[in-house]
Each structure stands twice: as structure tokens, then as C-alpha cells.
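If you read the protein sequences in the order shown, they are chains U and G. In terms of the working numbering, the first sequence opens at residue 1 and continues consecutively. In terms of the working numbering, the second sequence opens at residue 305 and continues consecutively. By construction, the Cβ of each residue, glycine as well, lies at the ideal position given by its N, Cα and C atoms.
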Amino acid sequence: MTDLSLSNKAIAGNTAPPAEARSLRLPTQWLGVTPFFVFAVMFLILPTLYLMLGAFQNEAGEFTFANIVALFSANIVAAYWISIKVSLASSLIGAFAGLAIAIAIVRGGLPNWIRSATLTFSGVASNFAGVPLAFAFIATLGRLGLVTVLLNTLVGLNLYAHGFNLLSFWGLTITYVYFQIPLMVVIIVPAIDGLKREWGEAAATLGATQAQYWRMVVIPVLWPSFLGTVILLFANAFGAIATAYALTGSSLNIVPILLYAQIRGDVLHNAHLGYAIAFGMIFITGLANIFYIWFRTRSERWLK
Amino acid sequence: MKSGRFWAWFVFLMGAAYFFIPLIATIEFSLRMRRGVYSFDAYKVVLGDSQFQATFMFSVIVAVFTILLGVLIVVPTAYWIRLRLPQLRPIVEFITLLPLVIPAIVIVFGYIRMYGSNSPLPFLGSNLGANALLVIGYAALALPYMYRAVDTGLRTIDVRTLTEAAQILGAGWGTIIARVILPNVLIAVLSGAFLTFAIVIGEFTMASLLNRPAFGPYLQNLVANRAYEPAALSIIAFVITWGCMSLIQILSRFAPKSANRPN
């Protein structure tokens, strides 16, 4: 292989001087990726930059921090806070439950078909978001939902009398968990597969108990990819809007819904404040992703 | 070991309950339209609704164009990065991951401000332009998945040798990409395509903010105004997602497993 390519180069070098060949080639080299970069700049980077710059301008186009300062009004801070809480809660619950399920199907000694069935289902459920998901939970835990009614008639437990409400922080969190757990399973199963059997045998040979093996080998190896995935789940929930909008209308004031209302009808009566809200969203998901990339590069060392 | 297996079953069954009960509840609810008996009335009403047919067709067409645009952008780029410009790989991979960082609502907000009817590029000035912008937005959303799928497919074939062989036989770049590279990564492209389809078909945010008559906003509107039909539609949406994922699963069985070249 190496010999062949070398001789090819030698032949090419004989027929055309390298400098000339290069000058002919350079434009076509870059031409191949031009459509991609034009697309990315026009439809990803520029629109985002436009909003980010707009967040630091007033109506007259002058530079200002006023919009960013205005983000800290009670209404908007509350929206960010509840968004962060829902994203954090759903990503943590989703991550731990997903990890437990992943360990159960990979290492729990369950029949093999359960593993493949769970992985397929996870692929489906992690993409099952938005309006249909919201409706599935209305049919389950809504005021007339199946579980609500069954609990009331069979056990005599009235969820809603006990303060539960689907259109609330916990309702939204339980619903988001439906796509968070499968996403965790899909991402973490390869990481658990990457735990080499030899490590367990080596630990056992050295006299480690099962608990020690977990504490000193498994957890340190899985930790970075686990934490990284938590962050990915967080960003995933933070940007989600369709599920929440279908579930709660505009009664639960999370950031994406606030931004949606602002785009629709300028409810904040300040176009540039809308830009600032978008900027804040990118800032938070961007920060989360920087951590994600950092953890990812740390975990990849072990899972090669 | 025995208790370990017990806990594994326990966790699995708890998870299964959490995931299946909402589906069962939705199915049960969707069958209750006629008083007193279970029937498929809700499905009949939904499938017979002309607005359902129109919005669903619209979304299917948008999905097809999104896939075509995605393939057109991603396949030549991923191929070229592998063949000639590996030094650009980190930049391109970073860009393809951007849609995971920038929420869809922010991207579409940027479109509305940049491509409004008074802008130099007035996409939103006409119906056709707005539809095109929707396709473009979806292609951007699907970029991470499409790029990953195609790049994985390219990894399993020997791009350089295939290209050289085609060149020796006198093929131009267009022929090489369309008739040599594309058929070889077709399975990878198709799995990217089905994932794109699953994402696009019920998408709400972009379609709604660009005022397109798509399936997502229709569904949203129905949830707000009807009782049984949305349940039937949720089940239909789940089946469609399931279908797309199963097709990917089936296709991956045909994909070549061995990597001829490392990396």
C-alpha cells in the first residue's frame, strides 16, 4: 500500500512539477467543501451571531449592556430558574435511571433479547418528544388520566387532592424523563461495554471484593462519560419547547416558552430583550457543552 | 450473583412500567371515543380529516427535501474531508455539532430576523421561500445525525482506492460521488435519512414560528381543542418513529462491519 502510493507520487512528480500542480489544485481543493461552509455560515453561524450582537445593541444600534441587565428582571429570572431546575432534575433523574437500566441490561445477566429490545426501544423513545409525548402523559397522569383514575378507584389515592399537578415543575420533569432515560441508555451502554472483563478479573486476582471493584475501577472509568452525558441531557431539556408548550400552554413560564411568546408577539415590548434571552440560552447550553467536550476527551482515553 | 439478577430484573421491570404505562394509557384513551365501548372511531376521524392529510403530506414532502438537501451538503463534504482535507476535520465536526448547542428556537429566531421580507435575502417574503427556509432549518437540525451517519459509513470503505480506480477509468468528480461513493455509503445515508425523517415529521417549533402548515402545529392545535383525536395521533406518531428506528436497525445489519482502513 505504502509502496504503491509512493510510486504514484513519484510518477506524478515526473509529469508535472509540484509547484504547478499545486497552483492548479488549490482552488478545487476548497471548492469541495464550499457548499458546506456557505450553508453553515448562512444558516447556522450568521443567524446566531446576529442575535448575539443584537443582544448588546439598543434600538438605535448603539452598543449597550442594558438588555443583559434587563434579563435580571424578576419575570425573566424566574423563567430561567424554572428552566434550569426542570433541566437539571430531569437530566439527573434520567441519568441515574438510565445508568441503572444500562447496567441491568449489560451486566445483570438478563436474557440477550432484552438488551437488544431495550436498545431499540431507547432509540425510539429518545426521539419521541413534543406534542405526542405531552399527550401521552396527559392521558396517563392528567386529571382524567389512566393512572390518576386507577389510583383513585383502586387505592383511593387522589393525586390531585394531594397537590400533584401535571402542569407543574414535577409534571414537566416526569414527562421530560421519558426522553432523557433512553438517551442516557443509548449513550452509556457503549461505555459500559468498554469496561474490559480483564479489569474485573485483575481486581479479583488482587483480592478486591465486588464493592471495591465498583468503587475503585468501574466508577472512576465511567464517571467522565456519565457526567458528560448528564450535561448533554441538560442541554437537551433546556432547549426543548414543544413538549412543554403542548403540556402547559403558556401557564408554566420556562425560557423557551417565554422566547416563543416574544417571537410571536413581542410580549416584552422590546425586540432586543428577545435577543438577550436567546443569548442567555446559548450561553447556558454553550457552557454546558464546553464541560461536555472536556469530560468526553477525558473518558475517551479509557474507552479506546 | 442471585441477588444481582433480582435487582437487574427489578430495575428493568420498573423501567418497562414507566415506559409502557403512558403508551397503554394513550392507546386506551384513543379507543374511548364512542361511549361505553372501545372503537377505532378516533383513528377514523383523524385519518379522514382533510387537514390531517394536508399537513401530514406537507411534512412528508418537507422531510424528503430535507433529506435530499442534507445528503447534498453532507456526502460531498464528508468525502472531501476524508480524501483531501483531513486538517479541516475538527472544524467541520465542530460545526456539525453546533445544532446540539444552539436550540432550534434560537436558530429560527435568527432566520426570522435575518431573512424577513425587508432583508436583502427575503426568504420569508413568499410562500416558496418560507418553505425553502423550513427545509434549510431542518437540514441544519439534522446535520449532527446526518454527518455522523455518513462519516461512519465512509470509514468502512476505502475512499482513496475507490476514487483512484474511478479516476483511472475516466470518471469526473460528479460521477465519482454519485456513482461510486454514494452507492457504497447508501446504507449509512439511509439510516441518517430515517432519523431525519423521524425528527422532521412532528417538529413543532420551526414550523410554527415560520407559519408553515405542517403536521407539528396541526397536532399542537388539536391537543388544545380535542380530546380523543390527539391520543390517536400520538399513537400514530409513535408508530412512525418506531418504523423509522426499526428500518435503521434492519439497515445496519446490511452495513459492512469491517473497517478496511483505520480511522
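Output the distance between the C-alpha atoms of residue i and residue j, rounded to the nearest integer angstrom.
| i | j | result |
| --- | --- | --- |
| ALA511 of chain G | ILE284 of chain U | 25 Å |
| TRP311 of chain G | SER225 of chain U | 24 Å |
| GLY441 of chain G | ALA320 of chain G | 35 Å |
| LEU555 of chain G | GLY496 of chain G | 11 Å |
| LEU513 of chain G | PHE542 of chain G | 24 Å |
| PHE162 of chain U | THR148 of chain U | The amino acid occupying residue 162 of chain U in the given sequence is His; Phe does not appear at that position. Approximately 12 Å, taken between the alpha carbons. |
| PHE369 of chain G | VAL439 of chain G | 7 Å |
| TRP223 of chain U | PHE323 of chain G | 26 Å |
| ALA204 of chain U | ARG452 of chain G | 39 Å |
| GLY145 of chain U | ILE101 of chain U | 26 Å |
| ALA518 of chain G | TYR419 of chain G | 20 Å |
| PHE36 of chain U | TYR260 of chain U | 29 Å |
| THR381 of chain G | SER87 of chain U | 34 Å |
| ASN75 of chain U | PHE179 of chain U | 28 Å |
| GLY171 of chain U | THR120 of chain U | 26 Å |
| LEU551 of chain G | LEU372 of chain G | 18 Å |
| SER73 of chain U | ASN67 of chain U | 10 Å |
| ALA191 of chain U | THR243 of chain U | 29 Å |
| LEU227 of chain U | PHE295 of chain U | 7 Å |
| PRO326 of chain G | PHE137 of chain U | 6 Å |
| TRP81 of chain U | TYR415 of chain G | 27 Å |
| SER54 of chain U | PRO394 of chain G | In the sequence under discussion, the amino acid at residue 54 of chain U is Gly, which differs from the Ser named in the question. Going by the C-alpha atoms only, they are around 29 Å apart. |
| ILE461 of chain G | ASN488 of chain G | 7 Å |
Could you give the DSSP three-state label for residue i: helix, strand or coil?
| i | result |
| --- | --- |
| PHE63 of chain U | strand |
| GLY319 of chain G | helix |
Which bits of chain U does residue i rub up against, with CB to CB less than 7 Å?
| i | result |
| --- | --- |
| GLU332 of chain G | LEU146 |
| ALA408 of chain G | GLY239 |
| ALA360 of chain G | Here the sequence assigns Phe to residue 360 of chain G, which means Ala is not the residue at that position. The premise fails here: PHE360 of chain G is roughly 13 Å from chain U at the closest Cβ pair, so nothing lies under 7 Å. |
| THR509 of chain G | ILE241 and ALA242 |
Which residues of chain U have a Cβ atom closer than 8 Å to the Cβ of residue i, listed in chain order?
| i | result |
| --- | --- |
| GLN524 of chain G | VAL131, ALA242, TYR245 and ALA246 |
| GLN553 of chain G | THR120 and GLY123 |
| ALA329 of chain G | ALA136, ALA139, THR140, GLY145, LEU146 and VAL147 |
| LEU513 of chain G | TYR260, ILE263 and ARG264 |
| ILE385 of chain G | VAL33 |
Starting from residue i, find everything on chain G with Cβ-Cβ shorter than 9 Å and list it in chain order.
| i | result |
| --- | --- |
| TYR50 of chain U | GLY414, ARG417 and MET418 |
| ASN127 of chain U | LEU499, ALA502, ILE503, THR545, CYS548 and MET549 |
| THR173 of chain U | The contacting residues do not exist; THR173 of chain U stays about 13 Å from chain G at best. |
| THR158 of chain U | One point to set straight first is that residue 158 of chain U is Asn, not Thr, in the sequence displayed. The premise fails here: ASN158 of chain U is roughly 17 Å from chain G at the closest Cβ pair, so nothing lies under 9 Å. |
| ASN289 of chain U | LEU401, LEU404 and VAL405 |
Which bits of chain G does residue i rub up against, with CB to CB less than 7 Å?
| i | result |
| --- | --- |
| PRO47 of chain U | ILE411, GLY414, TYR415 and MET418 |
| GLN29 of chain U | ARG388 and LEU389 |
| ILE114 of chain U | PHE316 |
| THR64 of chain U | Here the premise fails: no neighbours, minimum Cβ distance about 18 Å. |
Is residue j closer than 8 Å to residue i when the C-beta atoms are compared?
| i | j | result |
| --- | --- | --- |
| TRP477 of chain G | LEU110 of chain U | no |
| LEU466 of chain G | VAL484 of chain G | yes |
| PHE246 of chain U | GLN524 of chain G | Sequence check: residue 246 of chain U is Ala here, not Phe. It is a contact, given that the beta carbons lie within the stated cut-off. |
| VAL185 of chain U | ILE385 of chain G | no |
| ALA502 of chain G | THR456 of chain G | no |
| PHE413 of chain G | ILE219 of chain U | no |
| ILE241 of chain U | ILE409 of chain G | yes |
| TYR532 of chain G | ARG336 of chain G | yes |
| LEU92 of chain U | LEU167 of chain U | no |
| ALA506 of chain G | PRO47 of chain U | In the sequence on display, residue 506 of chain G carries Gly and not Ala. Not closer than 8 Å, so no. |
| ALA367 of chain G | ILE411 of chain G | no |
| ALA329 of chain G | ALA139 of chain U | yes |
| VAL527 of chain G | PHE128 of chain U | no |
| ILE231 of chain U | TYR160 of chain U | no |
| THR400 of chain G | LEU447 of chain G | yes |
Please list the partners that residue i has in chain U, where partner means a Cβ-to-Cβ separation under 9 Å.
| i | result |
| --- | --- |
| LEU537 of chain G | VAL131, PRO132 and PHE135 |
Can you pull the chain G residues whose beta carbon is under 8 Å from the beta carbon of residue i, in chain order?
| i | result |
| --- | --- |
| ILE105 of chain U | ALA312 and PHE316 |
| THR205 of chain U | Those do not exist, as THR205 of chain U stays about 18 Å from chain G at its closest Cβ, beyond 8 Å. |
| LEU259 of chain U | ILE409, VAL410 and PHE413 |
Whose Cβ in chain A lies nearer than 8 Å to the Cβ of residue i?
| i | result |
| --- | --- |
| THR381 of chain G | Among the chains of the structure shown, chain A does not appear; the protein chains present are U and G. |
Practice problem: Counting only runs of 3+ residues fully inside the region 87 to 169 of chain U, write out the beta strand (DSSP E) ranges in chain order. | Solution: Within the region 87 to 169 of chain U, no complete beta strand (DSSP E) run reaches 3 residues.
Quiz item: Which runs of the alpha helix (DSSP H) fall wholly inside the region 189 to 217 of chain U and span at least 4 residues, in chain order?
Solution: Here the runs fully enclosed are 197 to 205 and 210 to 213.
Quiz item: At which residue ranges does the region 418 to 482 of chain G contain complete alpha helix (DSSP H) runs of 4 or more residues, listed in the order of the chain?
Solution: Segments of the alpha helix (DSSP H) lying fully in the region 418 to 482 of chain G: 431 to 459 and 463 to 472.
Practice problem: Only counting runs of 4 or more residues, tell me where the alpha helix (DSSP H) segments fall wholly within the region 213 to 276 of chain U, in order along the chain. | Solution: Those alpha helix (DSSP H) runs which fall completely within the region 213 to 276 of chain U and span 4+ residues are 219 to 239, 242 to 248 and 255 to 265.
Quiz item: Which parts of the region 492 to 532 of chain G are runs of the beta strand (DSSP E), unbroken and 3 residues or longer, counting only runs that do not cross its ends?
Solution: Listed in chain order, there is nothing to give.
Quiz item: Taking only runs of the alpha helix (DSSP H) that begin and end inside the region 333 to 401 of chain G, which ones reach a length of at least 4 residues, in chain order?
Solution: Taking only runs of at least 4 residues, the alpha helix (DSSP H) segments lying wholly in the region 333 to 401 of chain G are 345 to 352 and 354 to 387.
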